[in-house]
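Numbered according to the working numbering, the sequence shown terminates at residue 715, and the numbering increases by one at each position without gaps.
What follows is a set of notes on a single structure, which appears directly below.
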Amino acid sequence: MTRIRTIVSVVFALLLGSLIVVAEYPRFKRIEKRGPAPDSVTATLPSDMDMAVATVGATFNDWADFIAPNRISPYRNRFPDGSKWSHLFLFRKSDPQHPLFPPDEEILFDRGVDDLADRYVRIPAELRMSDLYLYEPSGDYFWESEYFYQGRPAKFRSSFFIHLEAVNDSGTRVEIFEYQPTIWVGEYFGMSAHAVLPTMLHDIRPAQSTTAERKEVLQMIEEAATRRPATPLQREQRQRALGTAAHN
């Protein structure tokens with residue numbers, strides 16, 4: 468009897484030790500961020516607020532257009548199928564029909580480990596009324612970015628706040644913030660709400676903001692701004708500047 472108890476105790480200890488090792492394994496995964504430290508990504512567009520909003524709207528897919536009930540023809544995506552941006556859609560802060568733009572309380576509660584979300588919320592609310600939210604609504608689409616797991620690109624996803632703020636009579640400052648940057652680094656052994664026994668689960672965890680994605684968003688907006696025709700005010704200012712230069 469004593470021998471049986473000893474064997475059972477040893478087996479139990481081995482099982483317990485194995486479970487502890489498996490449970491602790493995710494903490495020691497080799498995850499690297501090969502990119503600069505998160506910093507502001509901003510530029511000033513030579514257009515007023517309305518034109519800046521229209522420029523952003525012309526750059527990315529709009530969720531309201533995608534699910535429009537009176538749409539007859541198939542939705543024409545602004546990006547090719549292979550582009551990660553083909554999966555993201557714009558949501559507007561003041562759109563009651565599609566209220567996916569998260570409120571400040573939700574942003575602070577669900578920001579994960581990212582610090583830039585705090586800075587976004589600290590911008591006065593009245594200066595964020597024209598902001599837009601670029602979001603992948605399925606929650607299942609990931610792409611490659613600045614993060615690496617075991618020396619290979621890790622799966623990554625994020626949403627983006629596009630902040631627009633008037634800076635003078637004809638300029639609009641654009642700043643890009645990431646929201647809920649997340650990485651998928653393999654699997655781990657743990658408990659699931661849908662299973663009785665431990666099982667393998669996706670190791671999806673919060674991460675710090677990347678710079679590459681935010682710069683890419685800003686670059687696309689700037690390129691779209693250069694393709695849009697000048698407003699009457701911009702043409703007038705340009706003519707005034709040319710006249711001043713000629714006079715000098």
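Quick reminder that beta carbons are idealized off the backbone N, C-alpha and C, glycines included.
Asked	Found
Residue interval of the beta strand (DSSP E) (run including Val634)	Arg619 to Asn635
Helix, strand or coil at Leu555 [DSSP, three-state]	coil
Continuous alpha helix (DSSP H) stretch holding Glu573: start and end	Asp571 to Phe576
Whole runs of the alpha helix (DSSP H) within the segment 528-552, excluding any shorter than 4 residues	530-533
Same chain, Cβ closer than 7 Å to Arg694, five either side skipped, listed in chain order	none
Sequence-distant residues of the same chain with beta carbon closer than 6 Å to Phe644, five excluded per side	Leu583, Tyr587 and Phe628
Nearest candidate by alpha-carbon position, reference Lys551, set Glu683, Tyr655 and Gln675	Glu683
Own chain residues within Cβ distance below 8 Å of Asn544, not counting five before or after	Asn528 and Ser553
Beta-carbon separation (whole angstroms), Ile688 vs Thr522, contact threshold 8 Å	6 Å
For His669: DSSP bridge partner residues	Glu654
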